[in-house]
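Colleague: Structure incoming, see below.
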Amino acid sequence: MTSIILIISMIFLTGYSFVNIERYSKIHYVLNKHIIEKSIHYWNNFINDSARKYNIENKLIKSIIYAESSGNPYAKSNSNAIGLMQIKPSSAGVEIYRLNGKKGQPSIQELYNPKINIDMGTAYIRLLQKKLFGIRNKDVMKYAMIVSYVNGVSALLKIFSKNRQEAISIINTMTTKTFSEYVKKNIQQNRPLIT
733 MTSIILIISM IFLTGYSFVN IERYSKIHYV LNKHIIEKSI HYWNNFINDS ARKYNIENKL
793 IKSIIYAESS GNPYAKSNSN AIGLMQIKPS SAGVEIYRLN GKKGQPSIQE LYNPKINIDM
853 GTAYIRLLQK KLFGIRNKDV MKYAMIVSYV NGVSALLKIF SKNRQEAISI INTMTTKTFS
913 EYVKKNIQQN RPLIT
């Protein structure tokens, strides 16, 4: 599933089009690209506000929403990732709370609120960007952030090297295509998208 998320995100970021995406969970979903984009468009004001606030490209935010929830603010995964940007309260939620000087973790009710979810998801992208500091190619950085958003920074870097600096150095020798191919081949995680 991780490969599917990466491919969909990369396709969306580069502007290529495709007809349908199929996702399976308790119910079989067939989602049309036009319907998903219309749903995401509904959240544009929140996306643009968060993009400005955290200096993150709004197209990157949209691609994560597209891949993670298909624009469904009520999406919830088997691993308890919630809302448009599929925030896990006990991991990304805790990190963003801590970053904002709060204790604990966001409530499920907060994460189902599209404005809060997009703000927290975008803050988390910004945090990942800082953790991946040193990747020079901007396109590789975008894809590294997407993979890290889904799997975690350590899972991404470990497929290159156990040493963070060495992993970044290896990534810096790659083109966007070789990075993408390497990640698809080596990242290991099966995670359902929507339940």
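Take 733 as the starting number for the sequence shown in this note's numbering and just add one per residue.
Each residue gets a CB set at the ideal place from its N, CA and C atoms; glycine is no exception.
(1) So the alpha helix (DSSP H) E913 belongs to, where does it begin and stop?
(2) When you compare the stretch 864-879 with the stretch 833-843, are there three or more beta-carbon pairs, one atom per stretch, that lie closer than 8 Å?
(3) Suppose the cutoff is 7 Å on Cβ atoms and the five residues either side in sequence are ignored; what does the same chain contact list for H917 look like?
(4) Using 10 angstroms around the beta-carbon of Q897, count the other beta-carbons present and answer buried if the total reaches 16, otherwise exposed.
(5) Does the beta-carbon of I854 have 16 or more other beta-carbons within 10 angstroms, so that it is buried, or is it exposed?
(6) Which parts of the stretch 851-901 are runs of the alpha helix (DSSP H), unbroken and 4 residues or longer, counting only runs that do not cross its ends?
(7) In three-state DSSP terms, what is N724?
(8) Grouping DSSP H, G and I as helix and E and B as strand, with all else coil, what is N929?
Modeller: Well, looking at it:
(1) 908-918 is the span of the alpha helix (DSSP H), which, as asked, contains E913.
(2) At 8 Å Cβ cutoff, the stretches do not touch.
(3) One point to set straight first is that residue 917 is Lys, not His, in the sequence displayed. Counting only Cβ-Cβ distances below 7 Å, and skipping sequence neighbours, we find nothing.
(4) An exposed status is given to Q897, since fewer than 16 other beta-carbon atoms sit within 10 Å of its beta-carbon.
(5) Just to set this straight, residue 854 is Thr in the shown sequence, not Ile. Under the 10 Å beta carbon count, T854 is surrounded by 16 or more other beta carbons and is classified as buried.
(6) Runs found: 870-883, 885-890.
(7) Given a span of 733 to 927 for the chain in the structure shown, any question on residue 724 remains unanswerable.
(8) With the chain running from 733 to 927 in the structure shown, residue 929 is simply not present.
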